[in-house]
Amino acid sequence: MDYKDVLKSARENLNGSCKVCKVCNGIACSGEVPGMGGKGTGSAFTENMKSLEKIKINMRVLHDVKNPDTLVEMFGKKMKAPIFAAPVSGTTLNMGGKYTEKEYISWVIEGCLRAGIYPMVGDTAIETFLTDNLEVLKEKNADGIAFIKPWENEAIISKMKLAEDAGVFALGVDVDACGLVTLSLHGKNVEPKTLDKIKELKQATKLPFILKGLMTVDEAILAAEAGVDAIVVSNHGGRVLDCTPGAADVLPAIAKAVKGKTKILADGGVRTGVDVLKLIALGADGVLIGRPFVTASFGGGTEGVELYVNKIISELEATMRLTGCATIADIDERVIFSK
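Counting from 1, position 226 in the sequence shown corresponds to residue 226 in the UniProt record's numbering; the numbering is continuous, with no gaps.
Below, the structure is given as structure tokens:
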């Protein structure tokens, strides 16, 4: 199996819910929510891609970096690269329904662990999907992170306890899902969070706590003040609000404001190892990748996921070699070309 075979199979197995375009940029699927597209015009999805695409990098070849080291440690876990599978869920809601949630998430989890990175799993409008995710994580020794939707705090804390019992090593809330159409269509009540409510959630667990879905400097500062262990700069893949900027557009200012006060992860439009390097150079400590894990799993199961992760890491290594970065810590603003 090669990656072209994976994409071909995914196109068939996703039953039209994703067209598996040559470039996954959100144009062909604009407005398809539920589905794999971006909300409304789809511009928030496409802006993630454009914001990364316009970033150019400096090629450097007069150095001694022959074998770059992509290894990092995050949340107490050693990782082959600073990459996570984002918490994408909802096989019957968004992915055509050919496979069950448990089949899909099993492939994602096992493929990630085989490749030396960690998966994030989440919940959605269908309650059993979270328990399916956690059950599989527990079977795999719970090497993963669970994200809970922004329900009322009492419900979030209850689900956080379920995740703790499954043995996850970190917890998060994707607060940007307060605008997710698939939840409202199923009559599920979610809400934005005040600073006090974030503090309550942080204090409800001893595990590292992550807040996902921040796109402005002021909210990143508030999250840091609340004591969260990490934030994810993300517009939820363009699925919750039309007309937002791309994650790469807002990341540098956010990193300038809170770098060192909380871990910074970034999510949005990452498709290659070059994209990974760009986001780290712009200030991220690590990145999340979403939709490509759906196509990799639907197209090749565990093997497809492992193949995709290894592809991304190989591209990252090659890009580090050609930018003179021996380690992930060496990737900084020097890598970014500016006129």
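Each residue gets a CB set at the ideal place from its N, CA and C atoms; glycine is no exception. Please read all numbers here as calculations on a predicted model, not as lab measurements.
Exercise. If you compare alpha carbons, which of K22, F45, V23 is closest to E32?
Worked result: Closest option to E32, Cα to Cα, is F45.
Problem set entry | Contact belief for G290 with D275 at Cβ below 8 Å, rounded distance in angstroms | The C-beta distance from G290 to D275 rounds to 12 Å, too long to fall under 8 Å, and the pair is not in contact.
Problem set entry | Neighbourhood of L162 by C-beta, 8 Å cutoff - its chain only, sequence neighbours within 5 removed | Correct list, in chain order: L130, T131, L134.
Exercise. Does the distance from the C-beta atom of V190 to that of P252 stay below 8 Å?
Worked result: Their beta carbons are not under 8 Å apart, which means V190 does not touch P252 by this criterion.
For this session: Kindly identify the DSSP beta-bridge partner or partners of residue 340.
Result: Because the chain spans 1 through 339 in this model, residue 340 falls outside it and cannot be assessed.
Exercise. Does DSSP put A230 in a helix, in a strand, or in coil?
Worked result: Residue state, collapsed to three classes: strand.
Problem set entry | Entirely enclosed alpha helix (DSSP H) segments - the segment 69 to 134, minimum 4 residues | As far as the segment 69 to 134 is concerned, its whole alpha helix (DSSP H) runs of at least 4 residues are 91 to 94, 101 to 115.
Exercise. In terms of alpha-carbon separation, which member of A142, C29, A166, V173 lies closest to A155?
Worked result: Among A142, C29, A166, V173, the Cα nearest to that of A155 belongs to V173.
Problem set entry | Nearest to G16 (by Cα), restricted to the options A28, T262, D5, V23 | Closest option to G16, Cα to Cα, is A28.
Exercise. Any idea which residues DSSP pairs F287 with across the strands?
Worked result: Residue identity differs from the one stated: residue 287 is Val in this sequence, not Phe. Under DSSP, V287 takes part in a beta bridge, and its partners are I83, A266.
Problem set entry | Runs of alpha helix (DSSP H) wholly within the segment 30 to 68 (minimum 4 residues, chain order) | Runs of the alpha helix (DSSP H) inside the segment 30 to 68: 43 to 53.
Exercise. Counting pairs of beta carbons, one from the segment 68 to 75 and one from the segment 241 to 261, are three or more of them closer than 8 Å?
Worked result: No: fewer than three Cβ pairs fall under 8 Å.
Exercise. Considering only residues of the same chain and omitting the five flanking positions on each side of residue 363, which have a CB-CB separation below 8 Å?
Worked result: As shown, the chain starts at 1 and ends at 339. That puts residue 363 outside it, with no answer to give.
Exercise. When the Cα atoms are used, what is the spatial distance from K22 to D165?
Worked result: Counting only the Cα atoms, D165 lies some 41 Å from K22.
Exercise. Applying the criterion that 16 or more other CB atoms from any shown protein chain within 10 Å of the CB defines a buried residue, is V175 buried or exposed?
Worked result: Counting the other Cβ atoms within 10 Å of the Cβ of V175 gives 16 or more, which makes it buried.
Problem set entry | Contacts around C18, its chain only, beta-carbon distance under 6 Å, and the 5 residues preceding and following it disregarded | Around C18: M36.
Exercise. Looking at L211 and I157, is the spacing between their C-beta atoms short of 8 Å?
Worked result: Against a cut-off of 8 Å, the Cβ pair of L211 and I157 comes out as no contact.
Exercise. In chain order, what residues of the same chain lie with their CB nearer than 7 Å to the CB of I105, ignoring the 5 residues before and after it?
Worked result: Once the five neighbours on either side are set aside, the close Cβ partners of I105 are V121, D132, N133, V136.
For this session: With residue 340 as the anchor, note down where its alpha helix (DSSP H) starts and where it stops.
Result: For the chain, the structure presents residues 1 to 339; residue 340 sits outside this window and is missing.
Exercise. Which of the three DSSP states, helix, strand or coil, is assigned to V136?
Worked result: Correct three-state label for V136: helix.
Exercise. Just how far apart, CA to CA, sit E303 and I313?
Worked result: Whole-angstrom Cα-Cα distance: 15 Å.
Problem set entry | Residues of its chain near A223, where Cβ-Cβ distance is below 8 Å and the 5 sequence neighbours each way are ignored | Counting only Cβ-Cβ distances below 8 Å, and skipping sequence neighbours, we find I198, L211, L214, I231, V258, T262.
Problem set entry | Whole beta strand (DSSP E) elements within the segment 299 to 326, 3-residue minimum | The qualifying runs do not exist here; there are none.
Problem set entry | Cβ-Cβ separation, V168 to F293 (assumed contact under 8 Å), whole Å | By a beta-carbon distance limit of 8 Å, F293 does not contact V168. Their separation comes to about 18 Å.
Exercise. By how many angstroms is the C-alpha of T272 removed from the C-alpha of D2?
Worked result: If I take the Cα positions, the gap works out to 16 Å.
Exercise. Should G227 go down as buried or exposed, given a rule of 16 or more other Cβ atoms within 10 Å for buried?
Worked result: That one is exposed.
Exercise. Under 8 Å between the Cβ atoms of G111 and V309?
Worked result: In this structure, V309 lies closer than 8 Å to G111 by Cβ.
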